[in-house]
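In terms of our numbering, the sequence shown is residues 3 to 269. Using N, Cα and C, we set each Cβ at its ideal position, and we do this for glycine too.
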Amino acid sequence: MSLLEVRDLSIAFGGLKAVDGLSFDVAEGEVFTLVGPNGAGKSTIFNMISRFYEPTEGKIFFDGEEITHLPAHKIAELGIARTFQNIELFDHSTVLSNLLMGRHVHRKTQVIQDLLFTRKARADERSHRRRVEEVITFLELEAHRDSLIAGLPYGVRKVVEIGRALAIGPKLLLLDEPASGLSVEETRDVAFWIEDMKREMGLTILMIEHDMGLVSAVSDRVLAVADGKFLAQGTASEVQSHPDVIEAYLGTGVNGEPELKKEEAGA
Ligand SMILES: Nc1ncnc2c1ncn2[C@@H]1O[C@H](COP(=O)(O)OP(=O)(O)OP(=O)(O)O)[C@@H](O)[C@H]1O
Ligand SMILES: [Mg+2]
């Protein structure tokens, strides 16, 4: 069964159709990856699913329920969490605080109860802390638990960004370029974590990524888009060798640099 269904989704900014009649399904338990040149509309798709942007046309279903027009906070409650391409953490808070903030979507007690620190509020607090400690252990962030985000190297902040989303306890995790700016070793760690999130935690993952090594290593299926439109779908190698995908990347390259030459592309 599909956990996420996107049907004929479009959004226009002024005259520009950033996403144009796009449809795809993400099956429960898979890693589904969106690829495409810079400006293809990939992050915009995430922004519509997480309800930061209002689609112009089309529908989005999660777990059989239409979510196209739900308010953003409902999305997290339903079990969709995301990371941001440009890391959205509270710089002057610690790693632990940032991860705990993600848990607030599950706050079951009222503010007044929290102030009185009732038994229920204490139990909730313990379960939030337990979940966050699991995430810290899983992502090997123990050494940084009490560090301020602002003082951490970029690679660690990238991992905390994944941790913040994971702490929510989602069914569907949206990862927007989890490996951008990371070293080869850090990217390998991300690949292991994605595998474990899928196999051990049973998460479904929708990822955007330019690093084709990572895409090939972890993706069950890949969808290529350009100019907001469907280009090709299949395994990583099927999509990479698809003529329309090669054409779309010509002159830009996977990382925004000229990469594929016409003769290599077989054109
Ligand atoms: N809020 C907005 N207002 C106007 N235009 C926007 C807005 N958000 C995105 N766009 C435009 O929509 C297009 C798609 O942008 P998007 O960020 O989705 O691309 P992307 O595929 O994620 O690219 P990249 O790989 O560089 O991250 C771009 O032309 C972008 O300028
Ligand atoms: Mg993007």
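Any non-hydrogen atom of ligand 2 within 6 Å of residue 182 CB: no
Residue span of the alpha helix (DSSP H) that contains residue 157, given as start and end: 156 to 169
Whether residue 230 touches residue 83 by CB criterion (7 Å): Inclusion of residue 230 and residue 83 in the CB contact set at 7 Å is not warranted, their separation being larger than that value.
Neighbouring residues (CB closer than 7 Å to any heavy atom of ligand 2): 44, 45, 87, 178, 179 and 210
Complete runs of the beta strand (DSSP E) confined to the region 167 to 239 [at least 3 residues]: 174 to 178, 206 to 210, 223 to 228 and 231 to 236
Any non-hydrogen atom of ligand 1 within 6 Å of residue 234 CB: no
Cβ-Cβ distance between residue 166 and residue 100 below 7 Å: Result yes, Cβ atoms of residue 166 and residue 100 sit closer than 7 Å.
Neighbourhood of residue 218 by C-beta, 6 Å cutoff - its chain only, sequence neighbours within 5 removed: 238
Alpha-carbon spacing of residue 27 relative to residue 144, whole angstroms: 36 Å
Backbone secondary structure at residue 42 - three-state DSSP: coil
Proximity to residue 191 [Cα-Cα], best of 241, 96, 57 and 215: 215
Distance cut-off 6 Å: residue 92 Cβ against heavy atoms of ligand 1: Distances between the C-beta of residue 92 and the heavy atoms of ligand 1 are all 6 Å or more.
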